[in-house]
Each structure stands twice: as structure tokens, then as C-alpha cells.
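Once you know that position 96 of the sequence shown is 99 in my numbering, the rest is easy, because the numbers rise by one and skip nothing.
Backbone N, C-alpha and C define an ideal beta-carbon position, used for all residues, glycine too.
These figures come from a predicted structure and were not determined experimentally.
A quick write-up on the structure given underneath.
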Amino acid sequence: MPLLKVAAFSLSIDGYGAGPHQDLQNPLGVGGMSLHQWFFQTRRFAQLHGQEGGVQDADDGFAERSFQNIGAWILGRNMFGPVRGPWPDNSWKGWWGDNPPYHVPAFVLTHHAREPLVMQGGTTFHFVTGGIHEALSRAREAAQGQDVRVGGGVATVRQYLQAGLVDEMHLALSPTLLGSGEHLFAGIDLLKLGFRCTEHVSTPKALHVVLSKG
């Protein structure tokens with residue numbers, strides 16, 4: 004059965020998935036870039052940016068796995084961009100340039116309607132105003148039997164966790180402290196939700212943990 008997954012989601016040691024004061028200059032919040040150092044040196048990261056090279060190691064293996072069998076994505080409005088409130092126009096097309104890394108339909112949670120945005124490489128952003136359940140239903144239909152990945156940000160992952168809808172999570176715990184920002188698990192009982200640790204691999208740059216239900 005197709006799964007709803009969180010994958011390659013980076014966390015600080017103190018549990019933050021983004022730093023404070025997110026804005027155009029700090030899309031991941033102050034200090035947030037430090038969460039993803041394990042990913043930046045991988046072959047998968049280089050490929051996403053149309054480059055050659057990159058390291059093939061355990062970090063790269065987890066990065067590669069995070070894109071396998073994914074037929075659609077779900078993103079929060081903040082992950083798509085810094086624009087707040089009604090869309091002033093259609094000029095903002097995401098952080099990623101003309102060819103975003105998704106290459107499948109991506110469903111963006113928002114309170115403000117907008118026409119679908121077709122990008123290069125197979126990515127189409129669909130803007131969903133009906134909440135997390137509508138987004139998941141549409142994503143599963145678009146995925147055509149493949150898994151759906153919740154890309155983030157933290158608030159979006161928390162909504163799907165609190166609704167009991169996430170089947171599997173791969174978390175990359177980075178050796179950094181943020182002190183404040185967006186905490187992923189505050190007030191969430193993972194045991195009660197049915198998760199258990201099914202895999203853990205340590206590398207010099209991260210501790211990779213897979214949590215599964217069952």
C-alpha cells in the first residue's frame with residue numbers, strides 16, 4: 004500500500020527543524036542551513052542542481068532513498084516561499100528556480116487560491132485551500148500508486164503527524180544546536196501514534212533514524 008512519508012528531514016540535536024526569524028534571506032531561519040550539512044556534499048544534492056560529483060556514502064544513500072518511489076509531494080505555504088497573505092501576483096515561483104527538484108506534482112497548502120504553476124522538469128505546483136486531508140487525497144490520486152512525501156516545513160509535518168496520517172519518517176539528526184525555532188515533536192507522543200525505530204545509521208555528519216508504524 005502506498006505510504007505517506009517524511010524523508011531526509013533534518014533536525015537539530017535540540018529538536019528544531021528550522022531556526023527562528025525565517026525570511027527571504029534566511030529561508031530556513033537563522034542557523035537553519037547548519038541542519039543540512041550532511042546533504043550538501045552528497046552526489047544526490049549535486050544531481051539535483053545539474054552538477055556532477057558529490058560524495059557517495061551513507062548520507063548519499065539516505066538522500067537517494069528519499070526520492071525513490073515518490074509520486075507526489077505535499078508542501079506548506081512557508082516552504083514554497085516567503086509571501087504571506089493573498090498572492091499579490093504570480094511572480095513568486097518558489098525557491099528553486101525554473102526547474103524545482105520535485106519532478107512530480109507538488110501540492111502546496113494555503114488559505115489563498117492560485118492557479119496551478121507548471122515548471123520545468125515535470126513539477127507542477129497545485130495550491131490547495133481545503134486543508135491537509137484534501138491535499139493528501141489529491142496527492143495520492145496524482146501519485147498513481149506511488150508514495151506521497153510530506154516535504155515540510157515543520158508546521159505541515161506536525162499537522163499530518165497529529166492527524167495520525169504519517170506512515171514512515173526518516174530523520175537526519177545533525178550535530179548542531181539552534182536553541183529556538185520550530186520544534187518538530189513538542190507535545191506529540193510518537194509511541195501513542197504507533198511509531199518505533201526500525202533503522203539507525205550514524206555518519207560523521209548525521210544520525211539517520213527511520214521511524215515506522217507497526
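(request) Keeping to the same chain, check which residues put their C-beta closer than 6 angstroms to that of ALA75; ignore five residues upstream and five downstream. (result) Closer than 6 angstroms at Cβ, skipping near neighbours: VAL107, PRO108, ALA142, ALA145, ALA146 and VAL151.
(request) Can you tell me which of GLY100, VAL212 and PRO23 puts its alpha carbon nearest to the alpha carbon of MET36? (result) Of the listed residues, the one whose Cα sits closest to MET36 is PRO23.
(request) For VAL86, name the three-state secondary structure that DSSP assigns. (result) Coil.
(request) Please look up how many angstroms separate the CB atoms of LEU120 and PHE128, rounded, as I've assumed it's under 8 angstroms. (result) Right, the Cβ-Cβ distance comes to about 4 angstroms (below 8 angstroms), so this counts as a contact.
(request) Quick one: residues in its chain with C-beta nearer than 7 angstroms to the C-beta of LEU6, no 5 flanking neighbours on either side, listed in chain order? (result) Apart from sequence neighbours up to five positions away, the residues of its chain that approach LEU6 with a beta-carbon distance below 7 angstroms are ASP150, ASP170 and GLU171, ordered along the chain.
(message) My assumption, with CB atoms under 8 angstroms, is that PHE198 sits in contact with SER215. Please give the rounded CB distance.
(response) Between SER215 and PHE198 the Cβ distance is about 7 angstroms, and since that is below 8 angstroms, they are a contact.
(message) With three or more C-beta pairs closer than 8 angstroms as the rule, is the segment 5-20 touching the segment 154-168?
(response) The segment 154-168 vs the segment 5-20: in contact.
(message) Based on DSSP bridge pairs, tell me the residues matched to ALA21.
(response) ALA21 is bridged to GLU185.
(message) Can you tell me where the alpha helix (DSSP H) holding ILE191 begins and where it ends?
(response) No alpha helix (DSSP H) contains ILE191, which DSSP labels as neither H nor E.
(message) Is it the case that the segment 191-211 contacts the segment 45-63, given that we only count it when at least three CB pairs across the two stretches are under 8 angstroms?
(response) These segments touch.
(message) Rounded to whole angstroms, what is the Cα-Cα separation between PRO91 and ALA21?
(response) When only Cα atoms are considered, PRO91 and ALA21 end up about 26 angstroms apart.
(message) Please confirm whether GLN162 has its beta-carbon closer than 8 angstroms to some beta-carbon of chain B.
(response) Protein chain content of the structure displayed is limited to a single chain, and chain B is not contained in it.
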